[in-house]
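First comes the structure, then the notes that go with it.
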Amino acid sequence: MSDWTLCIDFGTAFSKAAAAPTGAWSGFDPQTVRPLMLSGHEQQTNPFLLDSAVFVDDARILFGRAALGQAAASSDKRRLPLRSFKTLLSVSDLDRALATNAPTSVDPHRIFQMRDLIVLYLAFLLQTVERAAKADPALARVKEIRRRYAAPAWRSGDSAGMHTAVLGIFGEAEAFRAAMGDRLLAPEGLPIDVITSALPKAAPAAKPYEMDLIFEATAAASYTSIGLEDAGSHLIVVDMGAGTTDIAAIARAGQTAFELPEARVTFKQAGDFIDGVIANVVLDSAKWARSPEQKTALWTALMRQMRDIKETVFADGRAALRHEGRTLSLSMRDIERDNDFKEFIKGFERAYAQSLAVVRDDAKARGRPEVHAIAVGGGAAAPFVRALIAAKPKGGGPRVAARPATPDWAHAPSFQGNLAPVFPQLAIAIGGALAPDDMLAARAPSIPA
Amino acid sequence: MVAAAKPKPARSKAKKERAKKPAAPKAARPLVDALAEAAWLEADLALAEALADFDELEGARDDADKAHAMVLLAQSLARAGRKRGLARLGILGATEPYDPSRHEYIAPGKPKTVRIKARGVARGGEILVKPRAGPSRRKKAL
Ligand SMILES: Nc1ncnc2c1ncn2[C@@H]1O[C@H](COP(=O)(O)OP(=O)(O)OP(=O)(O)O)[C@@H](O)[C@H]1O
Ligand SMILES: [Mg+2]
Chain A
1 MSDWTLCIDF GTAFSKAAAA PTGAWSGFDP QTVRPLMLSG HEQQTNPFLL
51 DSAVFVDDAR ILFGRAALGQ AAASSDKRRL PLRSFKTLLS VSDLDRALAT
101 NAPTSVDPHR IFQMRDLIVL YLAFLLQTVE RAAKADPALA RVKEIRRRYA
151 APAWRSGDSA GMHTAVLGIF GEAEAFRAAM GDRLLAPEGL PIDVITSALP
201 KAAPAAKPYE MDLIFEATAA ASYTSIGLED AGSHLIVVDM GAGTTDIAAI
251 ARAGQTAFEL PEARVTFKQA GDFIDGVIAN VVLDSAKWAR SPEQKTALWT
301 ALMRQMRDIK ETVFADGRAA LRHEGRTLSL SMRDIERDND FKEFIKGFER
351 AYAQSLAVVR DDAKARGRPE VHAIAVGGGA AAPFVRALIA AKPKGGGPRV
401 AARPATPDWA HAPSFQGNLA PVFPQLAIAI GGALAPDDML AARAPSIPA
Chain B
450 MVAAAKPKPA RSKAKKERAK KPAAPKAARP LVDALAEAAW LEADLALAEA
500 LADFDELEGA RDDADKAHAM VLLAQSLARA GRKRGLARLG ILGATEPYDP
550 SRHEYIAPGK PKTVRIKARG VARGGEILVK PRAGPSRRKK AL
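Protein sequence lines correspond, in order, to chains A and B.
Just so we're aligned: the first sequence equals residues 1 to 449 in the working numbering.
Just so we're aligned: the second sequence equals residues 450 to 591 in the working numbering.
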């Protein structure tokens with residue numbers, strides 16, 4: 001048995017990772033959970049979040065925060081960093097999607113396929129995890145670390161097939177990582193000629209990566225119920241990230257938890273969409289910004305501060321920001337009046353209602369009185385998310401009780417208040433590291449199911 | 450071991466400290482320290498903003514400037530608090546039965562009920578500053 005379990009949450013916007021001693025589920029001690037500081041060496045970023053981004057520059061490829069920085073500094077504004085590539089991994093015809101060429105806005109040299117860029121990013125992610133694990137004093141001394149990754153439950157139903165395909169890609173990434181080592185982490189990126197000579201050699205050298213799969217919703221369910229006597233029988237999880245809002249549900253019988261596949265709904269709008277809404281609302285109200293240059297400058301400034309703007313407007317109901325000597329203000333009410341936002345809310349509510357109906361039916365059929373609802377992901381604090389999960393369904397049937405996004409144990413005085421503010425975004429990685437084996441969706445190839 | 454990164458200008462003090470001693474002591478740094486460091490980094494930035502905002506507030510020439518500066522200062526402070534896991538406690542203007550363990554009464558005497566004049570601050574279940582309260586009824590205007 002491995003000493004520790006490490007779970008990677010490869011997100012659309014940010015990747016995260018956490019580790020826990022194997023078996024932490026029974027006899028849980030909050031102090032043993034280790035979220036990894038993937039960006040611990042960077043300034044002014046949340047050290048637990050690694051930007052999921054790749055930028056193909058003239059002669060180099062950059063990753064993570066450096067990729068975004070270089071893209072922003074690039075004089076050619078048509079050149080884009082590749083983001084949101086995680087969504088590719090969940091399309092039904094994966095092989096075909098991966099074999100497409102990267103768009104020319106991303107790769108003007110026209111040399112890379114999507115598969116190449118994903119392999120490169122995953123190699124960077126694996127090397128970053130390696131560095132963070134070595135820098136973590138508790139983990140550095142651990143001999144055997146078993147790995148897991150969290151993924152949205154795949155619609156096609158062929159999870160085992162998808163798992164094999166993903167492990168193949170991770171395997172290539174691992175072969176490339178082993179060849180490149182710390183060069184992958186150089187802030188100036190990796191020379192393209194180095195990549196084009198080394199990458200083709202990685203594929204034949206690759207072995208399927210040894211990694212278990214846990215569904216994101218199951219991971220969220222795992223941390224929610226840990227150490228709880230009164231963990232309910234049914235749990236609906238709303239994960240609003242950057243690219244998608246994923247709703248899923250777990251039912252529990254005794255120690256085991258299983259997913260209710262019919263309750264799985266993916267709503268293809270989330271944080272990124274709200275960013276656009278907010279930027280447009282501010283732009284519309286900034287009548288002084290007339291010229292395209294002024295508008296572009298304002299848009300860029302807004303996008304740069306967007307996370308802070310959202311956090312403030314979600315928490316305080318309004319936000320003020322400075323731009324070129326002006327103070328601009330924005331309120332939650334301005335956002336709520338926006339038509340795109342109204343459509344977004346309608347779609348979100350419909351998706352949630354659809355999923356909730358399945359969960360409540362299942363609870364009812366099993367004679368259970370209550371469904372717990374929980375929000376995770378970067379959007380967990382949004383007032384419209386909180387309101388939705390707190391809503392009481394009309395008519396009879398099982399009740400719905402909202403649980404806080406941050407479990408009580410994360411508020412333990414020993415954390416001095418520092419875990420709670422970052423918890424919802426790390427929830428999947430932490431839950432994935434803590435979950436017992438019988439919550440896994442698929443095993444690593446060497447371990448029979 | 451981690452490859453030495455190229456030195457960059459304008460690094461924070463905490464970062465310089467780290468860069469100076471690459472071979473950190475092997476003793477397990479508790480998670481709580483790592484978390485605190487992370488939270489401080491972000492909170493420091495917000496606090497720095499607040500300090501600058503405060504100067505602007507002091508130097509504001511008219512009411513409009515003052516109002517803008519106040520909003521920005523309040524926002525930076527709130528952000529710094531959030532990054533440190535601080536939450537506000539109580540509702541401004543609420544009238545409540547006086548409880549010395551939950552209120553700091555900021556007027557002479559011992560009232561039955563009080564009115565919240567300033568919200569308190571809590572972290573987790575721990576109260577760092579009690580909500581400040583005054584008399585529940587305003588004195589009649591003269
Ligand atoms: N404190 C906050 N307040 C508001 N929004 C936030 C906050 N923190 C992060 N976000 C937003 O949450 C999103 C990122 O969340 P998260 O890390 O859960 O996404 P992800 O896992 O990368 O995406 P996905 O789950 O869709 O693959 C971004 O849109 C970001 O702006
Ligand atoms: Mg996510």
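Glycine included, every Cβ here is placed at the ideal spot set by N, Cα and C.
Listed by position in the chain, the residues whose beta carbon lies within less than 7 Å of some heavy atom of ligand 2 are A:ASP9, A:GLY11, A:THR12, A:GLU216, A:ASP239, A:GLY241, A:GLY377 and A:ILE428. Taking the Cα of PRO187 of chain A as reference, the smallest distance to any Cα among A:ALA165, A:GLN70 and A:SER74 is reached at A:GLN70. Restricted to the region 116-187 of chain A, the alpha helix (DSSP H) segments that are unbroken, complete and at least 4 residues in length are 137-140 and 159-180, listed in chain order. Under the Cβ criterion of 8 Å, HIS517 of chain B is counted among the residues facing chain A. Its Cα nearest to that of ARG252 of chain A, the residue A:VAL371 stands out among A:ALA351, A:ARG399, A:VAL371 and A:CYS7. Here DSSP, grouped into helix, strand and coil, assigns PRO200 of chain A to helix.
MET114 of chain A and PRO369 of chain A have their C-alpha atoms some 47 Å from each other. Along the region 527-579 of chain B, the beta strand (DSSP E) occurs as fully enclosed runs of 3 or more residues at 536-538, 544-546, 562-567, 569-572 and 575-578, listed in sequence order. Residues of the region 26-37 of chain A with a Cβ closer than 9 Å to any Cβ of chain B, in chain order: PRO30, GLN31, THR32, VAL33, ARG34, PRO35 and MET37. Between the alpha carbons of THR406 of chain A and ARG528 of chain B lies a gap of roughly 18 Å.
Residues ALA320 of the same chain have their beta carbon placed closer than 6 Å to that of THR327 of chain A, with the five preceding and five following residues left out of the count. For a cut-off of 8 Å, the C-beta gap from PHE176 of chain A to ALA123 of chain A is around 4 Å, short enough to register as a contact. The beta carbon of GLY395 of chain A does not come within 8 Å of any beta carbon belonging to chain B, so the residue lies off that interface. The three-state secondary structure of ARG264 of chain A, taken from DSSP, is coil. Checking the 7 Å criterion, the Cβ of LYS394 of chain A is out of range of every heavy atom belonging to ligand 1.
Look at ASP272 of chain A: its beta carbon is less than 7 Å from one of the heavy atoms in ligand 1. At a Cβ-Cβ threshold of 8 Å, SER90 of chain A and ALA249 of chain A do not count as neighbours.
For ligand 1, a non-hydrogen atom lies closer than 7 Å to the CB of MET306 of chain A.
Cβ-Cβ separation between GLU545 of chain B and VAL563 of chain B: approximately 6 Å, consistent with a contact (criterion under 8 Å).
Three or more Cβ pairs closer than 8 Å define a contact, and the region 376-391 of chain A meets that threshold against the region 414-426 of chain A.
Between GLY347 of chain A and ALA150 of chain A, the C-beta spacing is not below 8 Å. For ASP51 of chain A, the secondary structure class from DSSP, reduced to helix, strand or coil, is strand. Using a Cβ-Cβ cut-off of 9 Å, GLY168 of chain A is close to nothing in chain B; its nearest Cβ partner there is about 29 Å away. Around the C-beta of TRP288 of chain A, fewer than 16 other C-beta atoms lie within 10 Å, and the residue is accordingly described as exposed.
For HIS517 of chain B, the secondary structure class from DSSP, reduced to helix, strand or coil, is helix.
If the five residues before and after TYR547 of chain B are omitted, its C-beta is found closer than 8 Å to the C-beta atoms of TYR554, LYS559, PRO560, LYS561, THR562, VAL563 and ALA582, all from its own chain and listed in chain order.
Under the 8 Å Cβ criterion, the region 31-38 of chain A counts as touching the region 117-136 of chain A, having at least three qualifying pairs. In terms of side-chain proximity, the C-beta atom of PHE314 of chain A is found nearer than 7 Å to a non-hydrogen atom of ligand 1. Burial is judged here by how many other beta carbons sit within 10 angstroms of a residue's own beta carbon; ASN46 of chain A has at least 16 and is buried. Residue contact check for ARG290 of chain A against chain B: no CB pair falls below 8 Å. Counting only Cβ-Cβ distances below 9 Å, ARG572 of chain B has contacts in chain A at HIS411, PRO413, GLN416, GLY417 and ALA420, in chain order. For THR244 of chain A, the secondary structure class from DSSP, reduced to helix, strand or coil, is coil. Counted as a single uninterrupted DSSP element, the stretch harbouring PRO393 of chain A is not any alpha helix (DSSP H), since DSSP gives it neither H nor E. Within a 10 Å sphere around the beta-carbon of ARG83 of chain A sit 16 or more other beta-carbons, which makes this residue buried. Against chain A, the CB of ALA529 of chain B has no partner CB under 8 Å away; the residue lies outside that interface.
Chain A has no Cβ within less than 8 Å of the Cβ of LYS559 of chain B.
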